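K.L.:
In the working numbering, the protein residues as written are 1440 to 1644. We put the beta carbon where it would ideally sit given N, CA and C, even for glycine. Everything numeric in this text was worked out from a predicted model, so none of it was measured.
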Amino acid sequence: MLYGSLRSESYSKKATLEAAKILESFGAEVKVYDPAGLPVFDRENYQHEKVQELHNLAVWSEGMVWCSPELHGNLTSVIKNQIDWIPLSLGAVRPTQGRTLAVMQVSGGSQSFNAVNSLRILGRWMRMFTIPNQSSVAMAWKEFNEDGSMKDSDYRDRIVDVMEELFRMTLLLRDQSDFLTHRFSEHKEDYQQKIDSDLYGRSIK
């Protein structure tokens, strides 16, 4: 799970931790990444401790949650930097292809969907299955208790709905990901062998 702020009282972090508790209540194993100390993406610091931690979590995960504040009408550099550090491939492993994804955002003002829309675009480019539901918490400073937990509200109910959908979709796709992401262009030789023989294994002459 990724959140997009470095502030100690970050509302995107609080929303992410609330979502993590909800997922755990469904039986999911959850890990939340702390972006503090992650270098700015430059293609040179792949051995950095925080980069390796992020890579390992991406490979480990079956699904992801990305939560960003909305800043100047879009997502923050903190969340984008984390996503930029997640490669499309690590050798033979593709950390994002076929993974499920849920997107969330928090706003200091009225409700908006600019950040989640941008997160959806990123998820698509990273070959992820982004679930239809999403969460956008408006006036986030009103929505949390002093202990950091989220107040009972329609906004929290929506986060529960989103996490439930993510959990179920991840279970549904768990054994189907390779089948759904199989591409002709990546297995051209295998397809040619099928073309050269019929369905019963007899050579075509």
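Tell me, to the nearest whole angstrom, how far the beta carbon of E1457 is from that of S1588; I am working on the premise that it is less than 8 Å.
P.N.:
Confirmed, about 7 Å.
K.L.:
Helix, strand or coil for F1552, going by three-state DSSP, please let me know.
P.N.:
F1552: coil per DSSP, three-state reduction.
K.L.:
Does L1540 come out as helix, strand or coil in the three-state DSSP assignment?
P.N.:
L1540 falls in the strand class under three-state DSSP.
K.L.:
Please report the straight-line C-alpha distance between E1585 and R1622, rounded to a whole angstrom.
P.N.:
Cα to Cα, E1585 sits roughly 49 Å from R1622.
K.L.:
Would you call the segment 1613-1621 and the segment 1529-1540 touching, i.e. three or more CB-CB distances under 8 Å?
P.N.:
The segment 1613-1621 vs the segment 1529-1540: in contact.
K.L.:
Note down, in chain order, each residue of its chain lying with its Cβ closer than 7 Å to the Cβ of V1517, except the 5 sequence neighbours on either side.
P.N.:
These residues qualify, in order along the chain: G1443, S1444, L1445, P1474.
K.L.:
Is it right to say R1595 is buried, meaning 16 or more other beta carbons lie within 10 angstroms of its own, or is it exposed?
P.N.:
R1595 comes out buried.
K.L.:
Going by Cα to Cα distance, which pick from A1467, W1564, D1593, F1465 is closest to M1578?
P.N.:
Checked all of A1467, W1564, D1593, F1465; the closest Cα to M1578 is D1593.
K.L.:
Alpha carbons only, please: which of A1454, V1490, S1546 is nearest the one belonging to L1477?
P.N.:
Checking every option, the nearest Cα to that of L1477 belongs to V1490.
K.L.:
Using the rule of at least 16 other Cβ atoms within 10 Å of the residue's Cβ for burial, across every protein chain shown, is V1479 buried or exposed?
P.N.:
Result: exposed.
K.L.:
State the beta-bridge partners of G1476 as determined by DSSP.
P.N.:
Paired residues: none, contrary to the question.
K.L.:
Could you give the distance in angstroms between the alpha-carbon of Y1450 and the alpha-carbon of A1554?
P.N.:
Approximately 14 Å, taken between the alpha carbons.
K.L.:
Report the option in Y1472, E1628, M1608, Q1521 whose CA atom is closest to the CA atom of L1561.
P.N.:
Checked all of Y1472, E1628, M1608, Q1521; the closest Cα to L1561 is Q1521.
K.L.:
Kindly say whether W1524, judged by its beta-carbon, lies nearer than 8 Å to any beta-carbon of chain B.
P.N.:
Among the protein chains of the structure shown there is no chain B, as only one such chain exists.
K.L.:
Can you name, in chain order, every residue of its own chain whose Cβ lies under 7 Å from the Cβ of I1461, other than the five neighbours on each side?
P.N.:
So the qualifying residues of the chain are I1598, V1599, M1602.
K.L.:
Does DSSP put S1507 in a helix, in a strand, or in coil?
P.N.:
Correct three-state label for S1507: strand.
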